[in-house]
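Chemist: Order-wise, the sequence lines are chains A and B.
Going left to right, the first sequence walks through residues 8 to 157 as my numbering numbers them.
Going left to right, the second sequence walks through residues 8 to 157 as my numbering numbers them.
Would you mind keeping the following structure in view while I ask a few things?
Protein chains: 2
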Amino acid sequence: MSETRDTEDFEVFGFFNEIGIINQLSTAILAKCLPDGVHPSHFAIVNHLVRTGDGKSPVRIAAAMQVTKNTMTHSLKVLEDRKFIRVEPDPEDGRGKLVRLTDAGRGFREAAIASVLARFEDIVGPEQYEIMGRVRGDLEVLRKHLAENR
Amino acid sequence: MSETRDTEDFEVFGFFNEIGIINQLSTAILAKCLPDGVHPSHFAIVNHLVRTGDGKSPVRIAAAMQVTKNTMTHSLKVLEDRKFIRVEPDPEDGRGKLVRLTDAGRGFREAAIASVLARFEDIVGPEQYEIMGRVRGDLEVLRKHLAENR
DNA sequence: CTTGATTAGTACGATATCGAACTATAATAG
DNA sequence: CTATTATAGTTCGATATCGTACTAATCAAG
Chain A
8 MSETRDTEDF EVFGFFNEIG IINQLSTAIL AKCLPDGVHP SHFAIVNHLV
58 RTGDGKSPVR IAAAMQVTKN TMTHSLKVLE DRKFIRVEPD PEDGRGKLVR
108 LTDAGRGFRE AAIASVLARF EDIVGPEQYE IMGRVRGDLE VLRKHLAENR
Chain B
8 MSETRDTEDF EVFGFFNEIG IINQLSTAIL AKCLPDGVHP SHFAIVNHLV
58 RTGDGKSPVR IAAAMQVTKN TMTHSLKVLE DRKFIRVEPD PEDGRGKLVR
108 LTDAGRGFRE AAIASVLARF EDIVGPEQYE IMGRVRGDLE VLRKHLAENR
């Protein structure tokens, strides 16, 4: 039994290592498709707002992205400088703010998606798509578990 | 057909987003189990050297970890300050260096693994182990493909 | 009400990582 | 041999992220 346990133990490290490497690779690939100064994490925020609706507070976005409030403050500042979002005070909560997409922000997302997909045409083939589809559900379950029990 | 394509497209972004979030979560969890000032990526280097043998050049380690040479220079400096490794000139190549583990380095790895596993006892259950095992092979295939075609 | 506890956002310092530019050595071509 | 090209490692500046600590506003008891 402890042998099985050992094998599993090493699976854990290997697993997280694979995750880390894939993350670095995908971040690097995405970064090349985005305008200078716009990080993949910034795109992820805009993408999230388009898909799930804007008018959210920074804290909610931070929770969805699993980053700290500080990081979100910084990222939103970048996006605001680019005019991709507007940040307004929350009329119902004096402490809070609400993040709204601008037309420029939506346009940026469209362009970014087109650019990334064009690049992926050369990189991601049918087998890769299949792997991603197959694995994605499992990853989502795992992510939720880790987020809740960390 | 283009509808299928659209679905796949969004799988891609969602997939990489999941990867990014899991990476952040796992990094955060691991970081808490390591001595102050030792980053999970530093542990990964030592772990790699123990498992695959030391006496490798910084470039080879960088390639294995999929980080740049600059990053490896920096990480090795940290590990060397901690006396977890020694960096010697390569007798066969005047430009190169060789990285060797110290006893302290091996001890650090043992302790780190024990610490992380103790923490994971509370976080990672049988279902999570199962997911990691099931998914790991797929991730490895994907990682290799991305590394080669990026 | 008032006081203590929680939450939203910000400020500051630290660090891991990257890209670009540089040095030094090695390998290859003519 | 010499000149060009390639490779190993470092240095420098930029940035995304984190942790700690702070301010301001809300909420919850009493």
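Built from N, CA and C at the ideal position, the CB exists for glycine as well.
Taking three-plus beta-carbon pairs below 8 Å as touching, is the region 123–139 of chain A in contact with the region 149–156 of chain B?
Modeler: Because the criterion of three Cβ pairs below 8 Å is met, the region 123–139 of chain A and the region 149–156 of chain B touch.
Chemist: So, at 7 Å on beta carbons, what are the nonlocal neighbours of A/V57 in its own chain, with the 5 sequence-adjacent residues on each side left out?
Modeler: Counting only Cβ-Cβ distances below 7 Å, and skipping sequence neighbours, we find L108, R113 and R116.
Chemist: Could you tell me which chain B residues have their CB closer than 8 Å to the CB of A/N77, listed as they occur along the chain?
Modeler: Within chain B, no residue comes near A/N77; the closest Cβ sits about 14 Å away, beyond 8 Å.
Chemist: Quick check: is the beta carbon of B/E147 nearer than 8 Å to any beta carbon in chain A?
Modeler: Taking Cβ atoms only, chain A reaches closer than 8 Å to B/E147, which makes this a yes.
Chemist: For a quick check, are the C-beta atoms of B/N156 and A/I26 less than 8 Å apart?
Modeler: Against a cut-off of 8 Å, the Cβ pair of A/I26 and B/N156 comes out as no contact.
Chemist: Where does B/E99 sit, in a helix, a strand or coil, going by DSSP?
Modeler: Three-state result, B/E99: coil.
Chemist: Run through DSSP, which three-state label would A/V148 get?
Modeler: Reduced to three states, the DSSP call for A/V148 is helix.
Chemist: Anyone know if the C-beta pair for B/L41 and B/A119 falls short of 8 Å?
Modeler: The answer is yes: Cβ separation under 8 Å.
Chemist: Beta-carbon within less than 6 Å of B/E18's beta-carbon, same chain only, minus the 5 sequence neighbours each way: which residues are those?
Modeler: There are no such residues.
Chemist: Among all the DSSP beta bridges, which residues are the ones paired with B/V162?
Modeler: Look at the range of chain B in this structure, 8 to 157, and you will see that residue 162 of chain B is not part of it.
Chemist: Just checking B/A118 against the ligand MG - is the residue's beta carbon closer than 7 Å to any of the ligand's heavy atoms?
Modeler: Inclusion of the ligand MG in the displayed structure is not the case, the ligand content being empty and no account of it being possible.
Chemist: Going along the chain, which unbroken runs of the alpha helix (DSSP H) with 4 or more residues stay wholly within the region 17–77 of chain B?
Modeler: Entirely contained in the region 17–77 of chain B, the alpha helix (DSSP H) runs reaching 4 residues are, in chain order, 47–59 and 65–72.
Chemist: Taking the C-alpha atoms as reference points, what is the distance between B/G103 and A/G103?
Modeler: Roughly 54 Å separates the two Cα atoms.
Chemist: Assuming B/V123 is part of the alpha helix (DSSP H), what are its boundary residues?
Modeler: D110 to I130 is the span of the alpha helix (DSSP H), which, as asked, contains B/V123.
Chemist: Using the Cα positions of A/F22 and B/K63, report the straight-line distance between them to the nearest angstrom.
Modeler: If I take the Cα positions, the gap works out to 23 Å.
Chemist: Does DSSP put B/K90 in a helix, in a strand, or in coil?
Modeler: Looking at B/K90 - three-state DSSP - the assignment turns out to be coil, as it is neither helix nor strand.
Chemist: Using a Cβ-Cβ cut-off of 8 Å, state whether B/L86 counts as contacting chain A.
Modeler: Not one chain A Cβ lies under 8 Å of B/L86.
Chemist: A/H159 touches chain B at which residues, Cβ-Cβ below 9 Å?
Modeler: Since the displayed chain A opens at 8 and closes at 157, residue 159 of chain A lies outside it and no answer follows.
Chemist: Using a Cβ-Cβ cut-off of 8 Å, state whether A/V131 counts as contacting chain B.
Modeler: It does; some Cβ of chain B falls within 8 Å.
Chemist: Checking the sheet assignment: what are the DSSP bridge partners for A/L83?
Modeler: In the DSSP output, where bridge partners are listed per residue, A/L83 has none listed.
Chemist: If you draw a straight line from the alpha carbon of B/V74 to that of A/D100, how long is it in whole angstroms?
Modeler: Distance between the alpha carbons of B/V74 and A/D100: 44 Å.
Chemist: Going by DSSP in three states, A/R143 sits in which element: helix, strand or coil?
Modeler: Here A/R143 sits in helix by DSSP.
Chemist: Please list, in chain order, the chain B residues whose beta carbon lies closer than 7 Å to that of A/F115.
Modeler: Simply none; closest approach about 14 Å.
Chemist: Taking Cβ to Cβ, would you say B/I92 is nearer than 8 Å to B/M79?
Modeler: No, the Cβ-Cβ distance between B/I92 and B/M79 is not below 8 Å.
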